[in-house]
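Have a look at the structure below, then the notes.
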Amino acid sequence: EMWRNLGRVAGEYPHLHKFQAYMPGGRIEVVGVEHLVTAKEEARGALFFTGHLSNWEVSGLPLIQYGIPITFVYRAPNNPYVDRLISRIRERYITENAIAKGASGAREMVRRVKDGGYTAMLVDQKMNDGIAVPFFGRDAMTAPALAQLALKYDLPVWPVRTERLAGCRFRVTIFPKLELPRSDDISSDVAETMRMVNAVLESWIRERPGQWLWLHNRWPKGT
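Numbered according to the working numbering, the sequence shown spans residues 429 to 651.
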């Protein structure tokens, strides 16, 4: 089922501009629009996170079509030809504000956050130099950037889930913002925030495991 979903994602790239969230008969059903209303009023900006679920490129469309100018943070594919192709489609049909992960991308992301921008992140991939956080009952090396930005700059964090429905339709749900921990121990707060994030992702994956793109070893060897 995962491979079938991935094939559909590839076939949908040229048609992303046709996917509408707020038009009668549109292909995207949106749940939790009230959270976008709140997010749009945030002068300090906001963070959104999701995973490689269903067609993850669809996740940002309800935000953009609602008038929230998100910056999308992504990991560039290893194949440079695939990267250029996807980047062109993304820039044309979704947003020109896309930042590849890396040192320069991190600096640009921080700059936009400081300017009160809105940032969307995919947070389900392994990061070897990340922090160990439980995921499906086992510690998994997890990128802490989402938590670090949220806590340092006092940004609200909203989970965004995309589900594939029948007939090339999707349901995008914006959940209530996370209640982030606040203590004198920033390292503990970062770890607890990412534990909450991983728990959210895990609950989504358990409900629709075939829609999660899992092509790499998410856990350390031997686990």
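Quick reminder that beta carbons are idealized off the backbone N, C-alpha and C, glycines included.
* Other residues of its chain near residue 563: CB distance less than 8 angstroms, five sequence neighbours each side excluded -> The sequence position of residue 563 within the sequence shown is 135, counting from 1. Excluding its 5 nearest sequence neighbours in each direction, residue 563 has C-beta neighbours in its own chain below 8 angstroms: 570, 626, 629, 630, 646 and 647, listed in chain order.
* Asked: Quick one: Cα of residue 540 to Cα of residue 633, how far?
  -> As a working mapping, residue 540 is identified with position 112 in the sequence shown. As a working mapping, residue 633 is identified with position 205 in the sequence shown. About 30 angstroms.
* **Extent of the continuous beta strand (DSSP E) run through residue 586** => Here the question's residue 586 lines up with position 158 in the sequence shown. Start and end: 585-593.
* Asked: For residue 681 versus residue 547, is the C-beta spacing smaller than 8 angstroms?
  -> In the structure as shown, the chain starts at 429 and stops at 651, and residue 681 therefore has no counterpart that could be examined.
* List the DSSP bridge partners of residue 447. => Taking the first residue of the sequence shown as 1, we reach residue 447 at position 19. Its beta-bridge partners do not exist; DSSP assigns none.
* Label residue 474 either buried or exposed according to how many other C-beta atoms from any shown protein chain fall within 10 Å of its C-beta, with 16 as the threshold for buried. => The count along the sequence shown starts at 1 and reaches residue 474 at position 46. So residue 474 ends up on the buried side.
* Taking Cβ to Cβ, would you say residue 609 is nearer than 8 angstroms to residue 477? -> Working through the sequence shown from its first residue, we reach residue 609 at position 181. Working through the sequence shown from its first residue, we reach residue 477 at position 49. The answer is no: Cβ separation not under 8 angstroms.
* To do: Can you give me the start and stop residues for the beta strand (DSSP E) that residue 429 sits inside?
  => Position 1 of the sequence shown, counted from the start, is the residue given in the question as residue 429. From DSSP, residue 429 is part of no beta strand (DSSP E); its letter is neither H nor E.
* Quick one: measure Cβ to Cβ for residue 657 and residue 528, integer angstroms, because I've assumed they're closer than 8 angstroms. => Examination of residue 657 is not possible in this model, given that the chain is present from 429 through 651 alone.
* Where does the unbroken alpha helix (DSSP H) through residue 492 begin, and where does it stop? -> Along the sequence shown, one-based indexing puts residue 492 at 64. 489-493 is the extent of the alpha helix (DSSP H) around residue 492.
* To do: Alpha carbon to alpha carbon, how far is residue 636 from residue 496? Give it in angstroms, no decimals.
  => Walking along the sequence shown from the start, residue 496 turns up at place 68. Walking along the sequence shown from the start, residue 636 turns up at place 208. Cα to Cα, residue 496 sits roughly 28 angstroms from residue 636.
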